[in-house]
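Per the numbering used here, the very first residue in the sequence shown carries number 2; after that it's consecutive. Some notes on the structure that comes next.
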Amino acid sequence: MDLPTSTRITVTPTGASLGADVSGIDLSQPVDQATFKQVEDAWHEHLVLRFRGQQLDDPKFLAFARKFGELDKAPIHAGKLVEDPFPEITVMSNIKVNGVSIGNLGHYEAEWHTDMSYNDLTPIGSLLYALEVPPSGGNTGFSNMYAAFDTLPADLKRRIATLQCRHDSSRNSAGELRKGFKDISDPREAPGAIHPLIRTHPGTRRNALYLGRRRNAYIIGLPLEESEALLNELWAHASQTRFAWYQEWKVGDLIMWDNRCAMHRRDAFDPESRRLMHRTQIKGGKPFFDPATVAA
Ligand SMILES: [Fe+2]
2 MDLPTSTRIT VTPTGASLGA DVSGIDLSQP VDQATFKQVE DAWHEHLVLR FRGQQLDDPK
62 FLAFARKFGE LDKAPIHAGK LVEDPFPEIT VMSNIKVNGV SIGNLGHYEA EWHTDMSYND
122 LTPIGSLLYA LEVPPSGGNT GFSNMYAAFD TLPADLKRRI ATLQCRHDSS RNSAGELRKG
182 FKDISDPREA PGAIHPLIRT HPGTRRNALY LGRRRNAYII GLPLEESEAL LNELWAHASQ
242 TRFAWYQEWK VGDLIMWDNR CAMHRRDAFD PESRRLMHRT QIKGGKPFFD PATVAA
């Protein structure tokens with residue numbers, strides 16, 4: 002039986018606004034509490050962690066992810082086995098077997114977003130592990146929403162402190178209409194959860210700009226033109242390259258990101274090449290803004 006042994010990890014920041022490499026840890030082995038605490042502290046500080054050169058089967062991948070909390074079940078899709086032995090794993094892939102996709106999202110670009118912000122309860126974070134990568138393309142970008150919030154003008158911070166945004170649930174991150182949803186052209190009619198524009202991270206007590214995704218977003222209570230203008234201003238600010246870092250995937254990379262304070266996107270890639278990733282998602286809670294974090 003493998004017994005956990007305490008490890009001193011090495012954390013090397015990317016030098017960009019967020020992200021760090023973690024080395025000196027083999028995630029196929031049990032991770033003890035002292036080592037886990039170092040990883041969690043690094044995650045809170047850097048928002049996105051990369052562990053390179055890992056060799057994980059699904060049970061080992063899930064065992065590491067479960068250290069962070071209960072995991073969400075993966076959504077059902079056409080290629081998913083009915084008798085799935087690992088229901089918490091979502092396959093992200095463009096690969097087809099006998100004409101049926103084995104995974105989600107295909108080869109398309111995914112726009113900036115945070116996962117499942119259109120739900121009332123939103124995941125804490127996600128872990129993505131690379132099994133096959135295309136020779137080029139398919140990079141994943143991450144963006145630091147603490148930094149985006151911190152650098153807003155003071156009057157804009159004050160203005161958005163009381164505002165809430167509705168996050169459209171009708172389309173996925175590639176912009177495709179989900180099954181069973183109506184094609185919406187007026188953002189005021191879009192379905193989806195309502196969350197504050199400023200989100201307080203329960204672990205760090207820092208505030209982040211919480212935008213979710215742009216399409217069909219609507220700021221509750223504002224005339225449509227005003228909501229559109231404010232969202233355009235916030236998105237133009239948040240999408241600046243100075244807040245972003247891009248992951249160029251290698252087989253064996255495991256990336257984990259914090260959905261409470263980081264957005265992500267993905268570049269498209271050649272549909273003829275193969276990309277296969279396993280993803281799992283840590284169950285979360287209701288996003289909130291604590292005004293005490295900006296008092297005085
Ligand atoms: Fe995503």
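Backbone N, C-alpha and C define an ideal beta-carbon position, used for all residues, glycine too. This one's a predicted model, so the numbers in the text were calculated from it and none came from an experiment.
Mind checking who isoleucine 283 pairs with in its DSSP beta bridge?
Leu72, Gly126
Taking only the alpha-carbon atoms, compute the straight-line gap between arginine 215 and aspartate 73 and give it to the nearest angstrom.
24 angstroms
The alpha helix (DSSP H) spanning asparagine 208 covers which residue range?
Element bounds for asparagine 208: not the alpha helix (DSSP H) but the beta strand (DSSP E), 208-210.
Does the stretch 275-282 touch the stretch 111-131, meaning 3 or more C-beta pairs lie closer than 8 angstroms?
Yes, the stretch 111-131 touches the stretch 275-282.
Identity of the residue in Leu212, Ala162, Pro154 nearest tyrosine 119 by Cα
Considering only alpha carbons, the answer is Leu212.
Residues sharing a beta bridge with leucine 231, DSSP:
Note: leucine 231 sits in no beta bridge, so no partner.
Going by DSSP, name the residue or residues bridged to arginine 267.
Ala111, Thr141
Contact defined as beta carbons within less than 8 angstroms: I believe leucine 28 pairs with leucine 255. What is the distance between those atoms, to the nearest angstrom?
The C-beta separation of leucine 28 from leucine 255 comes to about 6 angstroms, placing the pair in contact by the 8 angstroms criterion.
How about histidine 47 and methionine 264: do their beta carbons lie closer than 8 angstroms?
no
Can you name the residues that DSSP bridges to glutamate 133?
Leu277
In three-state terms, what does DSSP make of aspartate 184?
coil
Around the Cβ of threonine 91, are there at least 16 other Cβ atoms within 10 angstroms (buried) or fewer (exposed)?
Taking all protein chains shown into account, threonine 91 has 16 or more neighbouring C-beta atoms within 10 Å of its C-beta and is therefore buried.
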